[in-house]
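Everything in the sequence shown is counted per my numbering, starting at 11 for the first residue and increasing by one. All C-beta atoms in this analysis are idealised placements derived from N, C-alpha and C, irrespective of residue type, glycine included. A quick write-up on the structure given underneath.
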Amino acid sequence: MRDVEPLWPCVSDPEFPKFMAWSAHRNRKETEDWVASVLAARAEGTDYVWSIRQNDTLCAMIGLHDVVRTSRAWRQDRSELGYWCGPPYQNRGIITEAAREVLRFGFEDLALHKITVGCATENGASQRVIEKLGFRSVGEQRDHFYRFGRWWNHLSFEMVVDEWRAFTEMLQTGA
Numbered sequence: 011m012r013d014v015e016p017l018w019p020c021v022s023d024p025e026f027p028k029f030m031a032w033s034a035h036r037n038r039k040e041t042e043d044w045v046a047s048v049l050a051a052r053a054e055g056t057d058y059v060w061s062i063r064q065n066d067t068l069c070a071m072i073g074l075h076d077v078v079r080t081s082r083a084w085r086q087d088r089s090e091l092g093y094w095c096g097p098p099y100q101n102r103g104i105i106t107e108a109a110r111e112v113l114r115f116g117f118e119d120l121a122l123h124k125i126t127v128g129c130a131t132e133n134g135a136s137q138r139v140i141e142k143l144g145f146r147s148v149g150e151q152r153d154h155f156y157r158f159g160r161w162w163n164h165l166s167f168e169m170v171v172d173e174w175r176a177f178t179e180m181l182q183t184g185a
């Protein structure tokens, strides 16, 4: 709950969440409720969210969302990576660095088999992060969501544990 005040400037900015699945918060109670839901989801093992700080200032959030172990008779062990970075901290590699650790946590500590991620087609900055992380494109979904008076296309990416291991080894060896 100590993150409510530091979160408020970003989450209340109506322009900031343009490419995100959430709307700007209208009041601090909405932010408190969101933080409470994040904490409850972590306790249930369905979401793992971290705040990222630089010089004691909250500058970004990152998480693994919708952890699914099984769906009916299917074992899935998957999750979706999500993140945002406050405008003053963008283009500094903060999300890429944090995401590498979150992927390690997901594949090693949570023993996930697959992690997915996506972004609006127009969100070039997010697409660059996804590509730097080694995700494989699985396609573009046309008219995936409606927001701000129009339909938006969505790019989908995924990575399975073996791809993550190979990509991590490649980064370590410089190959």
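Would you kindly work out how many angstroms separate the C-alpha atoms of residue i and residue j, rounded to a whole number?
i      : j      : result
Ser147 : Ala130 : 13 Å
Lys142 : Ala109 : 10 Å
Met11  : Val127 : 27 Å
Phe117 : Lys124 : 8 Å
Gly55  : Asp13  : 20 Å
Ser47  : Met180 : 37 Å
Thr41  : Arg160 : 27 Å
Ala51  : Phe177 : 29 Å
Ala34  : Lys28  : 9 Å
Phe158 : Asp43  : 24 Å
Leu120 : Arg36  : 34 Å
For residue i, which option in the options has the closest C-alpha, if you only look at C-alpha atoms?
i      : options                      : result
Asp23  : Phe145, Gly96, Val112        : Gly96
Arg102 : Phe145, Trp18, Val139, Glu15 : Val139
Arg152 : Glu132, Phe145, Tyr93        : Glu132
Tyr99  : Ala83, Gly144, Thr67         : Thr67
Gln86  : Val78, Glu25, Glu40          : Val78
Pro16  : Thr80, Leu49, Pro27, Arg63   : Arg63
Asp172 : Tyr156, Asn163, Phe145       : Phe145
Glu150 : Trp162, Trp84, Arg36         : Trp162
Asp57  : Ser33, Cys20, Phe115, His35  : Phe115
Phe167 : Arg36, Phe29, Gly92, Phe155  : Gly92
When burial is assigned at 16 or more other CB atoms within 10 Å of the CB, is residue i buried or exposed?
i      : result
Gln137 : buried
Thr183 : exposed
Thr80  : exposed
Leu49  : exposed
Ser89  : buried
Trp174 : buried
Please confirm whether any heavy atom of the ligand GDP lies closer than 7 Å to the CB of residue i.
i      : result
Glu118 : Among the components modelled here there is no ligand, and therefore nothing to report on the ligand GDP.
Closer than 6 Å by C-beta to residue i: which residues in its own chain qualify, once you throw out the five before and the five after it? Chain order, please.
i      : result
Thr106 : Val139, Lys142
Met169 : Ile125, Phe145
Phe26  : Cys20
Excluding sequence positions up to five away, which residues of its chain have a Cβ less than 8 Å from the Cβ of residue i?
i      : result
Ile104 : Ile62, Gln64, Cys69, Ala70, Cys95
Trp60  : Met71, Ile72, Gly73, Ala108, Val112
His164 : Gly128, Cys129, Ala130, Thr131, Glu150, Gln151, His154, Phe155
Using a Cβ-Cβ cut-off of 7 Å (strictly less than) and excluding sequence neighbours within five positions of residue i, which residues of its own chain qualify?
i     : result
Arg38 : Val14, Trp18
Val45 : Met11, Asp13, Val14
Trp84 : none
- Task: Could you name each continuous alpha helix (DSSP H) segment of 4 residues or more that falls completely within the segment 64-134, going from the start of the chain to the end?
- Result: Within the segment 64-134, the complete alpha helix (DSSP H) runs of at least 4 residues are 104-114.
Whole alpha helix (DSSP H) elements within the segment 33-64, 4-residue minimum
Listed in chain order, the complete alpha helix (DSSP H) runs (minimum 4 residues) inside the segment 33-64 are 38-54.
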